[in-house]
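> If you read the sequences in order, they're chains R and G. Quick note: the first sequence uses this note's numbering, first residue 184, plus one each step. Quick note: the second sequence uses this note's numbering, first residue 184, plus one each step. Mind looking over this structure? Questions follow.
2 protein chains.
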Amino acid sequence: MNKSDGMNYAPKGKPNPVVAPGEFQFAAIGLDHGHVYGMCNGLIEAGGELVYVYDPDPEKVGRFLQQYPQVQAALSEAEIFADDRIQLVASANITSERCALGLRVMRAGKDYFVDKAPLTTLEQLEDAKRVAAETGRKYMVYYGERLHCEGALFAGQLIEQGAIGRVVQVMGWGPHRVNAPSRPEWFFQREKYGGILCDIGSHQIEQFLTYTGAKDATVVQSRIANYHHKQYPELEDYGDVMLTGDNGAAAYFRVDWLTPDGLSTWGDGRTLILGTDGYIEVRKYLDLARHPEGDQVYMANQEGEYHFSVKGQVGYPFFGQLILDCMNRTESAMTQEHAFKVAELSVLSQNLAIRME
Amino acid sequence: MNKSDGMNYAPKGKPNPVVAPGEFQFAAIGLDHGHVYGMCNGLIEAGGELVYVYDPDPEKVGRFLQQYPQVQAALSEAEIFADDRIQLVASANITSERCALGLRVMRAGKDYFVDKAPLTTLEQLEDAKRVAAETGRKYMVYYGERLHCEGALFAGQLIEQGAIGRVVQVMGWGPHRVNAPSRPEWFFQREKYGGILCDIGSHQIEQFLTYTGAKDATVVQSRIANYHHKQYPELEDYGDVMLTGDNGAAAYFRVDWLTPDGLSTWGDGRTLILGTDGYIEVRKYLDLARHPEGDQVYMANQEGEYHFSVKGQVGYPFFGQLILDCMNRTESAMTQEHAFKVAELSVLSQNLAIRME
């Protein structure tokens, strides 16, 4: 039985460089969440050169260097900030500290690429927006449940092709295994991880805006609960949200930390996309009791029923687009407005949530 | 391609009589929805004897008699009401008229078994409650998406066995094919069908209360839309609802009339039941792009992943229990309180809904 918990979920794709060796150099600062490995893998596969790593914890740095032996351990953030070769800093530090690091990175003249959730309060959001505008730097976010999931990307392609008509609803389930002993202390501290809707809910909001094309949305209702982990009073193991997009499309998602031990992966994440002419279901990380491999996409539309198994078929174009965006000051991977809007709606969902037991 | 629309979805089970021939006699009044066939099938398989049919439309009666040639066409409701042998009247008349018929049936000293939704307004609910109490008769409801679905019943058995711990959320999708040309005029008249949440949403609320054991719930938020059928201005082709149970459990469901033509059945109805120790997914009417047969139940819990294909394995015990309840004045099939509570929450969901476009 695979007891993985998603903390170390770091997909690897095929090398698909968009730049020549050495043309795009970046650093990693803040290794508190394993997502940093997925972020670095994606950038390296797209031709980026990972030059430095820094974290105050030498043990985390040591583990990181085992994975990336070519990288230099910096002695401080400042050392990295001072190196003009470094164009971007990737980070998966503690969620509540991500914005503060981002401000320092942008003020050092570098683009920032941060794990979701990119921030935990509306005040941080205002700071991030202001400094991004002042410096002209990017504050990009690793919404991995779409950007690093071929099934999710393929669903986006189907929608773009008009396979299901106008998208009117996106429904997501984001269950995760808690695997409490593997988690650091901050994972259970509400102020640090930001609440379940801000944290893993942000993936869902990102997918809703992307698939429906909404530029903004209203948080219609949100709820949180700690149903089954009373020993961690600040953990929220359940959350759900209804949003309505500015284009009239509906969203609902549920996130939880209730994946049972018997599941063969860390979570049966799914997205169901309802259109006026059909619907798509993405079974992201497995096909429950059918197949241990994820990226299984199901569709019904006016023509018929379809099953697409797309692992290895789509790739992860986001990372190459991000590198080119940084070099060319474009926004093809993700707009800054989109990244910040997701963060805003995630924090709002969290702030407005009513509590159940 | 099967262009069925669910209007004629009338499951047949195995004969499993709970009474001797002639011991329980019933009539059908009001044939406006094809569900009446499923209701009669269920009662007949459980040993009930269908004696009379009445509907003001001779064409509907003619079609009914083709299916049940042993039945006598009554000339009026009064003829049926006057026959003391008749213990129960089954009806699937126009939704907004179901309560008025029920009052007449109960005042005639007979139990009432009506298609969902059993009523469309809170005033009707008060009448139904009052007359049920005054007469001591039953006002039972055919919530067919659980009662006539072996996958849904099997999920209930798994929950009772404790397979997934405490149920903390029930999520349902109730998509239906609209197949507009096949629908009667009243289907498109809001006052008559009662709105999408009152109508097909009632199934979902019934399942939520059943699976979680909640006795009551709060409608936290509900929404409706007509996304794709503007030519029918009173049709609502989309609705969704969040409820919170009096036991703290959460519900969300979506219902719609957006099933695409390419789907091999009338709707990919599903229920996802999240517990503290696992979860269950019921694929009720097909296993999309996998198998045309429904009643496919998937589960993951602390022990492993499971797939159960249960068509023909569970039966439909509700109907025999209902007959015995009528004869013994018990409530083993469904309590009156439950039937009315579902109706109340369905109407409230509808009344409180905000509209999207």
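Ideal Cβ positions, reconstructed from N, Cα and C, are used throughout, including at glycine.
Along the segment 391-404 of chain G, what residues have a CB closer than 8 Å to any CB found in chain R?
Under the 8 Å Cβ criterion, the segment 391-404 of chain G contributes Val403 and Gln404.
> R:Tyr410 and R:Asp423: beta carbons closer than 9 Å?
In this structure, R:Asp423 does not lie closer than 9 Å to R:Tyr410 by Cβ.
> Leaving out five residues before and five after G:Phe370 in sequence, what residues of the same chain have Cβ atoms less than 7 Å from its Cβ?
Tyr376
> Can you give me the start and stop residues for the beta strand (DSSP E) that R:Pro358 sits inside?
Val350 to Pro358
> How big is the Cα-Cα spacing for R:Glu306 and G:Gly357?
41 Å
> For the alpha helix (DSSP H) that contains G:Asp382, what are its first and last residues?
Ile379 to Asp382
> Measure the beta-carbon distance from G:Gly334 to G:Val438 and round it to whole angstroms, keeping in mind my assumption that it falls under 8 Å.
Incorrect: roughly 18 Å between the Cβ atoms, too far for contact.
> Contact criterion: CB-CB distance below 9 Å. Does G:Pro364 meet it with respect to chain R?
no
> Answer yes or no: do R:Ala210 and R:Tyr192 have a C-beta to C-beta separation smaller than 9 Å?
no
> Which residue from G:Glu328, G:Phe296 and G:His331 puts its Cα closest to that of G:Arg320?
G:Phe296
> Is the Cβ of R:Pro416 closer than 9 Å to any Cβ of chain G?
no
> Taking 9 Å as the threshold (beta carbon to beta carbon), is G:Glu333 in contact with chain R?
no
> Say whether chain G places a C-beta atom closer than 9 Å to the C-beta of R:Met449.
Position check: residue 449 of chain R holds Trp in this sequence, whereas Met was assumed. False, the Cβ-Cβ gap to chain G never drops below 9 Å.
> Out of curiosity, what's the CA-to-CA distance linking R:Pro200 and R:Gln519?
23 Å
> On the DSSP bridge list, what partners appear for R:His386?
In DSSP, R:His386 forms no bridge with anything.
> What is the rounded straight-line gap between the Cα of R:Pro204 and the Cα of R:Thr303?
36 Å
> Quick check: what's the CA-CA separation for R:Leu535 versus R:Ser405?
6 Å
> Would you check if the distance between the CB atom of G:Leu426 and the CB atom of G:Ile379 is smaller than 9 Å?
no
> Nearest to R:Tyr489 by alpha carbon, out of R:Glu309, R:Ile463 and R:Gly339?
R:Ile463
> Leaving aside the five residues before and after G:Ile537 along the sequence, list all residues of the same chain whose C-beta is less than 7 Å from its C-beta, in chain order.
Arg406
> Shorter than 9 Å from the beta carbon of G:Glu464 to some beta carbon of chain R?
yes
> Using 10 angstroms around the beta-carbon of G:Ala265, count the other beta-carbons present and answer buried if the total reaches 16, otherwise exposed.
G:Ala265 should be labelled exposed.
> I'd like the span of the alpha helix (DSSP H) that includes R:Leu308, first residue to last.
Looking at the DSSP string, the run of the alpha helix (DSSP H) that includes R:Leu308 is Leu305 to Thr318.
> Pick from G:Arg268, G:Leu457, G:Asp240 and G:Thr448: whose alpha carbon is nearest that of G:Asp294?
G:Arg268
> Report the residues of the segment 332-358 of chain R with a CB closer than 9 Å to any CB of chain G, ordered along the chain.
Here the close residues are Ile347, Gly348, Arg349, Val351, Gln352, Met354, Trp356 and Pro358.
> Pop quiz: G:Phe491 and G:Gly225 are said to be a contact at Cβ under 8 Å. What is the actual Cβ separation, rounded to whole angstroms?
That pair is no contact at about 22 Å.
> Answer yes or no: do G:Gly452 and G:Ile347 have a C-beta to C-beta separation smaller than 9 Å?
In this structure, G:Gly452 lies away from G:Ile347, with their beta-carbon atoms at least 9 Å apart.
> Count the other C-beta atoms from every protein chain shown that fall within 10 angstroms of the C-beta of R:Pro364, then say buried if there are 16 or more, exposed otherwise.
exposed
> Please list, in chain order, all residues of the same chain as G:Asn185 whose beta carbon is under 7 Å from its beta carbon, the five residues on each side excluded.
Low confidence applies to G:Asn185: its pLDDT is 43, below 50, so where it sits in the model is not reliable enough to give any reading.
> Per DSSP, G:Ser405 forms a beta bridge with which residues?
Its beta-bridge partners are G:Val424.
> Which runs of the beta strand (DSSP E), 3 residues or longer, sit entirely within the segment 235-310 of chain R?
269-274 and 294-298
> Output the distance between the C-alpha atoms of G:Leu471 and R:Ala483, rounded to the nearest integer angstrom.
The straight-line gap from Cα to Cα measures roughly 8 Å.
> Looking at chain R, is there any beta carbon in it that lies within less than 9 Å of the beta carbon of G:Ala408?
yes
> Spell out whether any CB of chain G is found under 9 Å from the CB atom of R:Ala472.
yes
> Thinking just about the alpha-carbon of each residue, which of R:Pro443, R:Gly450, R:Leu457 and R:Ala397 is nearest to the one in R:Asn430?
R:Ala397
> At the level of alpha carbons, what is the spacing between R:Glu419 and R:Gln372?
10 Å
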